[in-house]
Every structure is written in C-alpha cells, then in structure tokens.
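Note that our numbering has the sequence shown beginning at 1258, numbered continuously upward.
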Amino acid sequence: MRVIHLCLAASAHALAPAPAAAVRQLAKTAGDDIRGIADAAAENSLLPESAYHIGRGFRKWCGSDAPIVVGRDPRLSGPALGEAFCRGALATDAGPATTPAMLESLLGDGDACGSVMVTASHLPPEWNGLKLFSRQLGRGLNKKEVQEVLALAAGCADDDAAVGSIASRAVPGVDGFMDEYVAKLRRTIVDGAGAGARPLEGLKVCVNPGHGSGGFFASEVLEPLRAGVS
C-alpha cells in the first residue's frame, strides 16, 4: 500500500479577531476618529465586521431614527467598510465623497442626524478609518465621544442575540450627494473673484488630486469656471 504524507502549510491569511475584541483594540488608539489597518493579520485591524458593530454603536449613540449618511475616499477597502457600517447603522451610502462635504451635509436643512467619512486621511493605503459627525453637535465627534461610540459598539458585538448577518440588509444609496457641496465651492470662487461667471478663464491650474480624492475639484469645480486644468 502506498502511503502519501500531506504537509498542510499554515494559511497565509490570519483569522480575523473576534469583533468585540477588535473594536476594543481600535478603542486603544482612537482619537477624534477611528483608524486601523484593513488586514486581519494586523494588531490594530479595521475590518467590515468591526465597522458593522461600530455602525450599530453610532446609531445608538445618536439616539435617533433619522438618516445617517456614509461617504468614503478611494481606498480599496472603503466600499466594504462603508457598506458594513451602513448595514449596522441602518445608514445610506453616499458613495465617493470628501470629509468637509460629510460635515456640511449636516449643517443645512437636511434631516440626517449624523454622517460618517470612511477615510484614513494621509496614512498609507493599507490603512482606513471612520470619522463621525453629529448634526446635534454641529461638528465631528471628539475623543471622548468616539470612545462612547466604541463602548456601545463593543457591547453590541458582545450581545450574540443581537448580531445579524452583515449581508442581511440592502443598503440604500443616494445619487448626487456631492452636487450641492460642489455648487457651493463654485459659487464661493465666483463671488470671491467678482469677475463674472467665468472667473478662471485663461488661467492654467495644476491639481494634485490626492490619489483620487480631490479629482472632482478639477473636473467639477475648476473646469466649469473655464480654468485650464492639468
């Protein structure tokens, strides 16, 4: 009889930490936002499972059934994290956006009680994060308030009876979320320049799009005002 010996190599992909433990680990380094590495092998990992429970915690912290809107930057981990947060918070997906636009969406006449930006700002691409905004406060949450959200999130993750499937709810989206913000930027330039509807005509502008985040500014703000953009 021929005997075949099989050597099973360890998986290259580490198992994701338990959601409650992962949320508590994120709390150790959280400031006025939450940041982690989108990799289960990282000590300070930020994965969709954690984003789901943080979404639940944020909804509880807001204490309202009013809409919550979630935007994101172009990081590859952004769509999965944003979708998981939306499912946990019963929120709406705003798609690609900017951090100022997420705050501004709460300062007007809308009915949202909170908004979230999925971003890690200037950190390397393997990182991502969650920046939370409150209409009631009129600003982003501070470190103490973020800790309150994370404590609620960890409690949600501990409550096995309350945990549902991340894929159990369709996430609604909103079209044209950035339109009002972009129009405001154009008006600001027009009003400030005081040179008519085409104040940038004849000017050549070099734009650094920040790995894609600021690309809209070239095509949606400067070009319609007749700037030459490169």
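Every residue, glycine too, gets a C-beta built ideally from N, C-alpha and C.
Helix or strand or just coil, what does DSSP make of Gly-1472?
In the structure shown, Gly-1472 sits in a helix (DSSP, three-state: H, G or I).
What is the C-beta distance between Ile-1325 and Gly-1371, in whole angstroms, given that I count them as a contact (C-beta under 8 Å)?
Correct: roughly 5 Å between the Cβ atoms.
For Ala-1418 and Glu-1300, what's the separation of their Cα atoms in angstroms?
Here the model assigns Ala-1418 a pLDDT of 49, short of 50, so the residue's position is not dependable, and the following value carries that caveat. Counting only the Cα atoms, Glu-1300 lies some 27 Å from Ala-1418.
Mind checking whether Leu-1380 and Leu-1389 have CB atoms under 7 Å apart?
No, these two residues do not count as a Cβ contact at 7 Å.
For Gly-1328 and Val-1403, believed in contact at Cβ under 8 Å, the rounded distance
Their Cβ separation, rounded to whole angstroms, is 18 Å, which puts Val-1403 and Gly-1328 out of contact at 8 Å.
Report the three-state DSSP secondary structure of Ala-1351 (helix, strand or coil).
Here Ala-1351 sits in strand by DSSP.
Taking only runs that begin and end inside the stretch 1359–1399, name each unbroken beta strand (DSSP E) of 3 or more residues, in chain order.
Taking only runs of at least 3 residues, the beta strand (DSSP E) segments lying wholly in the stretch 1359–1399 are 1371–1375, 1384–1391.
Which residues in the same chain as Glu-1306 place their Cβ atom closer than 6 Å to its Cβ, once the five residues preceding and following it in sequence are excluded?
Excluding positions up to five away in sequence, the list reads Pro-1276.
Hey, which unbroken runs of the beta strand (DSSP E) at 3 residues or more fall wholly within the stretch 1300–1334?
You should have 1325–1329.
Below 8 Å, how does it come out for the stretch 1279–1297 and the stretch 1345–1356: are there three or more Cβ pairs, yes or no?
Between the stretch 1279–1297 and the stretch 1345–1356 there are fewer than three inter-stretch CB-CB distances shorter than 8 Å, so the stretches are not counted as touching.
Out of Phe-1474, His-1468, Ala-1410, which one is the CA nearest neighbour of Lys-1441?
Per the Cα distances, Phe-1474.
Taking all protein chains shown into account, decide if Arg-1426 is buried (16 or more other Cβ within 10 angstroms of its Cβ) or exposed.
So Arg-1426 counts as exposed.
Quick one: Cα of Gln-1282 to Cα of Pro-1274, how far?
The straight-line gap from Cα to Cα measures roughly 10 Å.
Would you please verify whether the beta carbon of Val-1462 is less than 7 Å from any beta carbon of chain B?
Judged by its chain identifiers, the structure shown contains no chain B, having just a single protein chain.
Suppose you measure from the CA of Leu-1304 to the CA of Gly-1339; what does that come to, to the nearest Å?
So the alpha carbons of these two residues sit roughly 10 Å apart.
Could you compute how far the alpha carbon of Asp-1368 sits from the alpha carbon of Trp-1318?
Rounded to whole angstroms, the gap between the alpha carbons of Asp-1368 and Trp-1318 is 17 Å.
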